[in-house]
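Q:
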Amino acid sequence: MNTLFDKIWDRHVVQQVEDGPVQVYIDRLYCHEVTSPQAFDGMRERGIKCLRPDKIFCMPDHNTPTHDQDKPIADPVSKQQVDALAANAAEFGLTHFGMMDPRNGIIHVVGPERGLSLPGMTIVCGDSHTSTHGAVGAVAFGIGTSEVEMVLASQCILQQKPKSMRISVEGKLGKGVTAKDVALYIMSKMTTSGATGYFVEYAGSAIRSLSMEGRLTLSNLSIEMGARGGFIAPDEVTFEYLKGREYAPKGEAWDKAVEEWKTLKSGDDAVFDKEILFKAEDIEPMVTYGTNPGMGMGISSTIPAVEDIPESGRESFSRALDYMQFAPGDSLKGKKVDYVFCGSCTNGRIEDFRAFASIAGGRKKADWVTAWLVPGSWMVKKQIEDEGLDKVLAAAGFEIRQPGCSACLAMNDDKIPAGKLAVSTSNRNFQGRQGPGSRTVLASPLMAAAAAVTGYITDPRTLL
Amino acid sequence: MKQKFNIIKSTCVPLPLENVDTDQIIPARFLKATTKDEKFYGDNLFCDWRFNADGTPNAGFVLNNPLYGGEILVAGKNFGSGSSREHAAWAIAGYGFKVVISSFFADIHKNNELNNFVLPVVVSEAFLAELFDSIAKDPATEVTVDVPAQTVTNMATGHSEHFDINGYKKYCLMNALDDIDFLLQSKDKIEAWEKANA
Chain A
1 MNTLFDKIWD RHVVQQVEDG PVQVYIDRLY CHEVTSPQAF DGMRERGIKC LRPDKIFCMP
61 DHNTPTHDQD KPIADPVSKQ QVDALAANAA EFGLTHFGMM DPRNGIIHVV GPERGLSLPG
121 MTIVCGDSHT STHGAVGAVA FGIGTSEVEM VLASQCILQQ KPKSMRISVE GKLGKGVTAK
181 DVALYIMSKM TTSGATGYFV EYAGSAIRSL SMEGRLTLSN LSIEMGARGG FIAPDEVTFE
241 YLKGREYAPK GEAWDKAVEE WKTLKSGDDA VFDKEILFKA EDIEPMVTYG TNPGMGMGIS
301 STIPAVEDIP ESGRESFSRA LDYMQFAPGD SLKGKKVDYV FCGSCTNGRI EDFRAFASIA
361 GGRKKADWVT AWLVPGSWMV KKQIEDEGLD KVLAAAGFEI RQPGCSACLA MNDDKIPAGK
421 LAVSTSNRNF QGRQGPGSRT VLASPLMAAA AAVTGYITDP RTLL
Chain B
1001 MKQKFNIIKS TCVPLPLENV DTDQIIPARF LKATTKDEKF YGDNLFCDWR FNADGTPNAG
1061 FVLNNPLYGG EILVAGKNFG SGSSREHAAW AIAGYGFKVV ISSFFADIHK NNELNNFVLP
1121 VVVSEAFLAE LFDSIAKDPA TEVTVDVPAQ TVTNMATGHS EHFDINGYKK YCLMNALDDI
1181 DFLLQSKDKI EAWEKANA
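Residue numbers (the numbering used here), protein chains in the order written: chain A, 1 to 464; chain B, 1001 to 1198.
Here it is, written out as structure tokens:
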């Protein structure tokens, strides 16, 4: 009761359906090319138009190649999907940031950086990582394609109200410990289903100390513990980040908005369905060793023994280790790395490339490592160039590619070959996620850079 | 596919693994289709477990085992985690499953199943363990899912459990109605909300 989640959610209730879900008004719908075409087909079959086309923004990101975007996409199936989004946006009168548009990029990077995602909003997209936008103090969650169609048609969605959870991280984060490590640590404690049915508010001094980029990383990974979304109450960090951005309010409207946004916080008497507390001091740079993001550990730890796993989970655990070619008791330090991927809606922002360059700069990429550095948007790519990071990284043997989801889910050409071990700053280490047979270790941009320059999984603190 | 639900009695396909994510249910490379061709997705359900790298069926995977079949998939805890891709629900429906039984479902996938007339039935850990046991002993074990009564019964043991579904969604399933039909009728309420929150 009286949580920030309640405040935002309750304000958006259009009606409570009798003995059923809640009809919730949606302030912003984002559409990418993968989960929207069937929703637009449904609209055509029903012969209806979008109720509020001005609240809907479309952009391709999953299929986009990370080079030669000025040329037609070579893969005809990818091209068809990207072209379908452009055609659907035009037909239904929706704003579309197509490939090569300077505003294009990964939808969850573009929304916040263009000021399209604002505090107090309800935001949805046919993509589980929509939780990212919670970082600005919004209620943001992923939905299926049928639900995309609901919002296209009615600007509303039918949902059960989730339960509320507050996860607080108190204290000061250690050297080399980033928002990604905080998230992977929380996932490792919560497991991949520990927050299913909940909306999570992140709080505590360690969370407050995070930059906007860090908060976006943390909120992004909420879905990996099953939560529909995760968010952080807006504060000066939020307002400073949003001010002046293209779609953010301007002038008097800005002042008025900030006054209102300052009221967006949980009451001192707020009651959560669940409260969890972690200590910042307990978190070290993290790696995953298995095939879901909850299978993570500190870089100094070793993989648990089978006996330490609850019986019903042992078969999944053993299958995961077999797939990863790791054994119980193994340390990941010193494992030889084939690929490094820095990018995605999790870690594809300017701060992530600054972090990567802080270790890679002045060193050389290991000969045997293939590294893909993929900015989350054209804006991030420009920031990298404006700050000269591209030159620092080029001198170390790294090339900055063009923006998109890329190797996070390998829907374009950026696929990790079968059996190869990749250290990735993305969000999922599922079997085959980065290409059939690929083996993924999730980590921060610092850990990825350390792996790229040494060729082995390495504690990044030794290189800082 | 829109269909009316009432009482389903069927043998089951057991998948006693936990945390089966939607990338396993349907890998990302099958997400490039722009149509909702359930047969295409169904043909590729659990593709990387079901087929070897050379495209031949993996004899060790349950969908390729002729002992098992039916309209009910029985899966381990936390089924459908990860990506929001509705293609996973289309694949399950396209393969011919009408019901998925598990002790726990991921939120988005659960909604996606319901929106595609696949019924997710949440049972207790004990019921699930016993059901896996019954199917292991006798692959011909049947389960009855009675939607009007909201009960699920392991016919081998006779053990039965109540399952939850809200009255609205139950009505939709039993009458083959979807949420968009409902939302389109609420335009007055939507406009009233917009006016109040302008």
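Positions of the beta carbon are idealized from the N, C-alpha and C atoms, including for glycine.
Mind checking who Pro1120 (chain B) pairs with in its DSSP beta bridge?
A: What you label residue 1120 (chain B) is simply residue 120 of the second sequence in a count that begins at 1. DSSP output for Pro1120 (chain B) lists B:Val1100 as bridge partner(s).
Q: Indicate whether the contact test is met: 3 or more Cβ pairs, each with one atom in the segment 343–354 of chain A and one in the segment 312–324 of chain A, closer than 8 Å.
A: No, they do not touch.
Q: Comparing the C-beta of Asn1019 (chain B) with each C-beta of chain A, is any distance below 8 Å?
A: Reading the second sequence from its first residue, position 19 is the one you call residue 1019 (chain B). Judged by the 8 Å Cβ criterion, Asn1019 (chain B) is in contact with chain A.
Q: Straight-line CA distance for Ser131 (chain A) to Arg433 (chain A)?
A: For the purposes of this step, residue 131 (chain A) is identified with residue 131 of the first sequence, where counting begins at 1. For the purposes of this step, residue 433 (chain A) is identified with residue 433 of the first sequence, where counting begins at 1. One C-alpha to the other measures close to 20 Å.
Q: Which residues, in chain order, does the segment 1092–1108 of chain B contribute to contact with chain A at a C-beta distance below 7 Å?
A: Listed by position along the chain: Phe1104, Ala1106, Asp1107 and Ile1108.
Q: Round the Cβ separation of Asp338 (chain A) and Leu421 (chain A) to the nearest angstrom and send it over; I've been treating them as touching at under 8 Å.
A: Sequence index remark: in the first sequence, residue 338 (chain A) carries index 338 (1-based). Sequence index remark: in the first sequence, residue 421 (chain A) carries index 421 (1-based). About 5 Å separates the two Cβ atoms, so the contact holds.
Q: Which residue spans inside the segment 139–195 of chain A form an unbroken beta strand (DSSP E) run of at least 3?
A: Whole beta strand (DSSP E) segments, 3+ residues: 139–142, 156–159 and 163–170.
Q: When you compare only the Cα positions, how much space is there between Phe1104 (chain B) and Pro102 (chain A)?
A: Working through the second sequence from its first residue, we reach residue 1104 (chain B) at position 104. Working through the first sequence from its first residue, we reach residue 102 (chain A) at position 102. Rounded to the nearest angstrom, the two C-alpha atoms are 43 Å apart.
Q: In the DSSP assignment, what residue or residues form a beta bridge with Asn1154 (chain B)?
A: Counting from one through the second sequence, the residue named residue 1154 (chain B) turns up at place 154. Bridge partners of Asn1154 (chain B): B:Val1143.
Q: Looking at C-alpha atoms only, which residue of A:Gly230, A:Leu51 and A:Ala89 is the closest neighbour of Ser36 (chain A)?
A: Along the first sequence, one-based indexing puts residue 36 (chain A) at 36. Cα-wise, what sits closest to Ser36 (chain A) is A:Ala89.
Q: Flag Ile1135 (chain B) as yes if its beta-carbon sits less than 8 Å from any beta-carbon of chain A, otherwise no.
A: Numbered from its first residue, the second sequence carries residue 1135 (chain B) at position 135. No, Ile1135 (chain B) lies away from the interface with chain A (no Cβ there is under 8 Å from its Cβ).
Q: What's the call for Ser205 (chain A), buried or exposed, on a 16-neighbour Cβ count within 10 Å?
A: Translated into positions along the first sequence, residue 205 (chain A) becomes position 205. That one is exposed.
Q: Of all Cβ atoms in chain A, is any one closer than 8 Å to the Cβ of Arg1029 (chain B)?
A: Counted from its first residue, the second sequence places residue 1029 (chain B) at position 29. Output row for Arg1029 (chain B): interface = yes.
Q: Are the beta-carbon atoms belonging to Pro234 (chain A) and Pro119 (chain A) less than 8 Å from one another?
A: In the first sequence, the residue the question calls residue 234 (chain A) occupies position 234. In the first sequence, the residue the question calls residue 119 (chain A) occupies position 119. Against a cut-off of 8 Å, the Cβ pair of Pro119 (chain A) and Pro234 (chain A) comes out as a contact.
Q: Against Cys156 (chain A), what residues of chain B qualify as contacts under a CB-to-CB distance less than 8 Å, listed in chain order?
A: By one-based count along the first sequence, residue 156 (chain A) stands at place 156. Near Cys156 (chain A) (Cβ distances below 8 Å), the residues of chain B are Leu1183, Ser1186 and Ile1190.
Q: Closest to Lys364 (chain A) by C-alpha separation, out of A:Val110, A:Gly455 and A:Gln38, would be which residue?
A: Numbered from 1 along the first sequence, position 364 holds the residue referred to as residue 364 (chain A). Of the candidates A:Val110, A:Gly455 and A:Gln38, the one whose C-alpha sits nearest the C-alpha of Lys364 (chain A) is A:Gly455.
Q: Would you identify the three-state DSSP class for Glu259 (chain A), choosing helix, strand or coil?
A: Walking along the first sequence from the start, residue 259 (chain A) turns up at place 259. Glu259 (chain A): helix per DSSP, three-state reduction.
Q: Take Gln1150 (chain B) and list the residues in its own chain whose beta-carbon comes closer than 8 Å to its own, dropping the five residues that flank it on each side.
A: Here residue 1150 (chain B) refers to the residue found at position 150 when the second sequence is read from its first residue. Only His1162, Phe1163, Asp1164, Ile1165 and Lys1170 meet the Cβ criterion.
Q: Do you know whose CA, among A:Glu281, A:Pro328, A:Tyr289 and A:Thr288, lies nearest Pro304 (chain A)'s CA?
A: Here residue 304 (chain A) refers to the residue found at position 304 when the first sequence is read from its first residue. Among A:Glu281, A:Pro328, A:Tyr289 and A:Thr288, the Cα nearest to that of Pro304 (chain A) belongs to A:Pro328.
Q: List the endpoints of the continuous beta strand (DSSP E) containing Ile276 (chain A).
A: Stepping through the first sequence from its first residue, residue 276 (chain A) is reached at position 276. Unbroken beta strand (DSSP E) run through Ile276 (chain A): Lys274 to Lys279.
Q: Please compile the residues from chain B whose C-beta is within a distance smaller than 8 Å of the C-beta of Gln431 (chain A).
A: The residue labelled residue 431 (chain A) in the question sits at position 431 within the first sequence. Those are Asp1023, Gln1024 and Asp1048, listed as they occur along chain B.
Q: Residues of the segment 15–26 of chain A with a CB closer than 9 Å to any CB of chain B: list them in chain order, please.
A: From the segment 15–26 of chain A, only Gln15, Val17, Glu18, Asp19, Gly20, Pro21, Gln23 and Tyr25 have a Cβ closer than 9 Å to chain B.
Q: Going straight from the alpha carbon of Pro451 (chain A) to that of Gln383 (chain A), what length do you get?
A: Position 451 of the first sequence holds residue 451 (chain A). Position 383 of the first sequence holds residue 383 (chain A). Just to set this straight, residue 451 (chain A) is Ala in the shown sequence, not Pro. Between Ala451 (chain A) and Gln383 (chain A), the C-alpha separation is close to 24 Å.
Q: Alpha carbon to alpha carbon, how far is Cys58 (chain A) from Ser377 (chain A)?
A: One-based indexing of the first sequence puts residue 58 (chain A) at position 58. One-based indexing of the first sequence puts residue 377 (chain A) at position 377. Roughly 14 Å between the two C-alpha positions.
Q: Quick check on the DSSP output: the beta strand (DSSP E) that includes Arg28 (chain A) runs from which residue to which?
A: As a first step, residue 28 (chain A) must be located in the first sequence, where it is residue number 28. Run containing Arg28 (chain A): Arg28 to Cys31, per the beta strand (DSSP E) assignment.
Q: When you check each C-beta in the segment 392–410 of chain A against every C-beta of chain B, which residues fall closer than 7 Å?
A: Within the segment 392–410 of chain A, the residues whose Cβ lies closer than 7 Å to some Cβ of chain B are Leu409 and Ala410, listed in chain order.
Q: Measure from the C-beta of Asn63 (chain A) to each C-beta in chain B and report whether the shortest distance is under 8 Å.
A: Counting from one through the first sequence, the residue named residue 63 (chain A) turns up at place 63. Yes, because at least one Cβ of chain B sits closer than 8 Å to the Cβ of Asn63 (chain A).
Q: Go through the segment 292–380 of chain A residue by residue and report every complete run of the beta strand (DSSP E) that reaches 3 residues or more, in order.
A: As far as the segment 292–380 of chain A is concerned, its whole beta strand (DSSP E) runs of at least 3 residues are 296–298, 339–342 and 370–373.
Q: Enumerated in chain order, which unbroken segments of the alpha helix (DSSP H) with a length of 4 residues or greater are wholly contained in the segment 68–142 of chain A?
A: Runs of the alpha helix (DSSP H) inside the segment 68–142 of chain A: 76–92 and 107–113.
Q: Throw me the rounded Cβ distance for the Leu464 (chain A) and Ile359 (chain A) pair, which I believe falls under 8 Å.
A: Counted from its first residue, the first sequence places residue 464 (chain A) at position 464. Counted from its first residue, the first sequence places residue 359 (chain A) at position 359. The Cβ separation is near 7 Å, so the contact holds.
Q: Mind the definition here: the segment 1078–1091 of chain B touches the segment 1056–1064 of chain B only if three or more C-beta pairs lie below 8 Å; say whether that holds.
A: No: fewer than three Cβ pairs fall under 8 Å.
Q: Enumerate in chain order the residues of its own chain whose CB-to-CB distance from Gly1096 (chain B) is below 8 Å, with the five nearest sequence positions on each side excluded.
A: What you label residue 1096 (chain B) is simply residue 96 of the second sequence in a count that begins at 1. Counting only Cβ-Cβ distances below 8 Å, and skipping sequence neighbours, we find Gly1042 and Glu1071.
Q: Listing by chain order, which chain A residues have their CB less than 7 Å from the CB of Ile1008 (chain B)?
A: For this step, residue 1008 (chain B) is matched to residue 8 along the second sequence. Chain A residues near Ile1008 (chain B): none, gap ~21 Å exceeds 7 Å.
Q: Kindly indicate which three-state DSSP category Met59 (chain A) falls into: helix, strand or coil?
A: Indexing the first sequence from 1 puts residue 59 (chain A) at position 59. Met59 (chain A): coil per DSSP, three-state reduction.
Q: Can you give me the start and stop residues for the beta strand (DSSP E) that Pro1148 (chain B) sits inside?
A: What you label residue 1148 (chain B) is simply residue 148 of the second sequence in a count that begins at 1. First-last for Pro1148 (chain B): undefined, no H or E at that position.
Q: Applying a beta-carbon distance threshold of less than 7 Å, which residues of chain B neighbour Glu275 (chain A)?
A: Indexing the first sequence from 1 puts residue 275 (chain A) at position 275. Residues of chain B passing the Cβ test: none, with the nearest at roughly 20 Å.
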